[in-house]
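Chemist: Quick one: the structure is below, and I'll ask about it shortly.
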Amino acid sequence: MPENAKDTSCDLFVIGAGSGGVRASRIAASLGAKVIVAEGLYLGGTCVNVGCVPKKLYVYGSEFSKAFKDAEGFGWTVGKPSFDWPTLRDNKSREIARLNAIYERLLDDSGATVLTGMARLLGPNTVEVNGVTYTARKILLATGSWPTKPDFPGNEHAITSNDIFDLVTFPRRLLIVGGGYIATEFAGIFNGLGSQVTQLYRGDLFMRGFDHDIRTFVAGEIRKTG
28 MPENAKDTSC
38 DLFVIGAGSG
48 GVRASRIAAS
58 LGAKVIVAEG
68 LYLGGTCVNV
78 GCVPKKLYVY
88 GSEFSKAFKD
98 AEGFGWTVGK
108 PSFDWPTLRD
118 NKSREIARLN
128 AIYERLLDDS
138 GATVLTGMAR
148 LLGPNTVEVN
158 GVTYTARKIL
168 LATGSWPTKP
178 DFPGNEHAIT
188 SNDIFDLVTF
198 PRRLLIVGGG
208 YIATEFAGIF
218 NGLGSQVTQL
228 YRGDLFMRGF
238 DHDIRTFVAG
248 EIRKTG
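Read in order, the letters of the sequence shown correspond to residues 28 to 253 in our numbering.
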């Protein structure tokens, strides 16, 4: 159904087409409900676009630097390897675009109507998208969240975990603030890709909440890599 369709009423209006929003839309549509889902950024949510999927691709890419070094001990002469950030970044983007298309097809096949635009609640049963008002028996909020930067001098030089996947130029030096598993993953990724990485966190050991022996082991392994 086109976005400018005259019929703007539905049984379920879903705001957000991440994992939860897409799944809820498909299930509701399969049970016979008339569903409209609005997404202002990208289909698939955090995991597909700025989380699990691109991060795992970058993890895989970062492991080659160690493999090149280890290969010499097994008789391989590799030469001096070089890394091209735009190649990894752009190939990652192509893979994500492929996944976005799959999510769009799944929604279309389910019979749900997909709107591209930011949705705004006008009332308990009313939503506005791109200047058009829609009414729904039920509205599902599946917006997810977005990281924010605190206000401090120099924050124009700071980025979030959402930004780091698509940097124009590769960061030769990188300061990562945080000691959780996400910060630790990015520290390992960019160290493997060739950045000089410093990880800053409170306390004497990162990854709070994990078993102490795991935290100690990971800290030791990361220090070995520089």
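Even for Gly, the Cβ is constructed at its ideal location relative to N, Cα and C.
Alpha carbon to alpha carbon, what distance is there between residue 80 and residue 166?
Modeler: Answer to the nearest angstrom: the Cα atoms are 29 Å apart.
Chemist: Please tell me whether residue 226 and residue 206 are closer than 9 Å, where the distance is taken between their beta carbons.
Modeler: A contact, by the Cβ cut-off of 9 Å.
Chemist: When every heavy atom of the ligand COA is checked, does at least one fall within less than 8 Å of the C-beta of residue 237?
Modeler: The ligand COA is not among the ligands present in this structure, which contains no ligands whatsoever.
Chemist: Please list, in chain order, all residues of the same chain as residue 76 whose beta carbon is under 8 Å from its beta carbon, the five residues on each side excluded.
Modeler: Result list for residue 76: 68, 69, 123, 127, in chain order.
Chemist: Pick from 168, 100, 41, 115: whose alpha carbon is nearest that of residue 220?
Modeler: Among 168, 100, 41, 115, the Cα nearest to that of residue 220 is on 115.
Chemist: Look up residue 200 in the DSSP assignment and say whether it is helix, strand or coil.
Modeler: Looking at residue 200 - three-state DSSP - the assignment turns out to be strand.
Chemist: Any chance you could list the alpha helix (DSSP H) runs of at least 4 consecutive residues sitting entirely within the segment 45 to 130, in chain order?
Modeler: Counting only runs of 4 or more, we get 46 to 57, 72 to 77, 79 to 89, 91 to 99.
Chemist: Would DSSP call residue 149 helix, strand or coil?
Modeler: It is a strand residue.
Chemist: Taking only three categories from DSSP, how would you classify residue 235?
Modeler: Three-state DSSP puts residue 235 in coil, outside helix and strand.
Chemist: With distances taken Cα to Cα, identify the nearest neighbour of residue 208 among 228, 185, 155.
Modeler: Here the closest residue by C-alpha is 228.
Chemist: Closer than 7 Å by C-beta to residue 98: which residues in its own chain qualify, once you throw out the five before and the five after it? Chain order, please.
Modeler: Only 105 meet the Cβ criterion.
Chemist: How about residue 49 and residue 130: do their beta carbons lie closer than 9 Å?
Modeler: Result yes, Cβ atoms of residue 49 and residue 130 sit closer than 9 Å.
Chemist: Can you check whether the CB of residue 192 is closer than 9 Å to the CB of residue 119?
Modeler: Yes, the Cβ-Cβ distance between residue 119 and residue 192 is below 9 Å.
Chemist: Suppose the cutoff is 6 Å on Cβ atoms and the five residues either side in sequence are ignored; what does the same chain contact list for residue 139 look like?
Modeler: If we look at residue 139 and ignore the five residues flanking it on each side, its Cβ neighbours are 52, 56, 62, 64.
Chemist: Please determine, among 137, 218, 163, the residue with the shortest C-alpha to C-alpha distance to residue 58.
Modeler: With distances taken between Cα atoms, residue 58 lies closest to 137.
Chemist: In this structure, how does DSSP classify residue 18 when only helix, strand and coil are distinguished?
Modeler: Absent from the structure is residue 18, since the part of the chain shown begins at 28 and ends at 253.
Chemist: For residue 43 versus residue 169, is the C-beta spacing smaller than 9 Å?
Modeler: In this structure, residue 169 lies closer than 9 Å to residue 43 by Cβ.
Chemist: Based on Cα-Cα distance, which residue from 218, 223, 217, 204 lies nearest to residue 234?
Modeler: Nearest C-alpha to residue 234: 204.
Chemist: Between the C-alpha atoms of residue 30 and residue 155, what's the straight-line distance to the nearest angstrom?
Modeler: Bear in mind that a pLDDT of 48 at residue 30, under 50, signals an unreliable position, so the number given afterwards is only what the model happens to contain. When rounded, the distance between both Cα atoms is 12 Å.
Chemist: Using only the alpha-carbon positions, how far apart do residue 32 and residue 188 sit?
Modeler: Bear in mind that a pLDDT of 48 at residue 32, under 50, signals an unreliable position, so the model cannot answer this.
Chemist: Quick one: Cα of residue 102 to Cα of residue 93, how far?
Modeler: Their Cα atoms are separated by approximately 15 Å.
Chemist: Nearest CA to the CA of residue 253: which residue from 224, 231, 238?
Modeler: Looking at the Cα atoms, 224 is the closest of the given residues.
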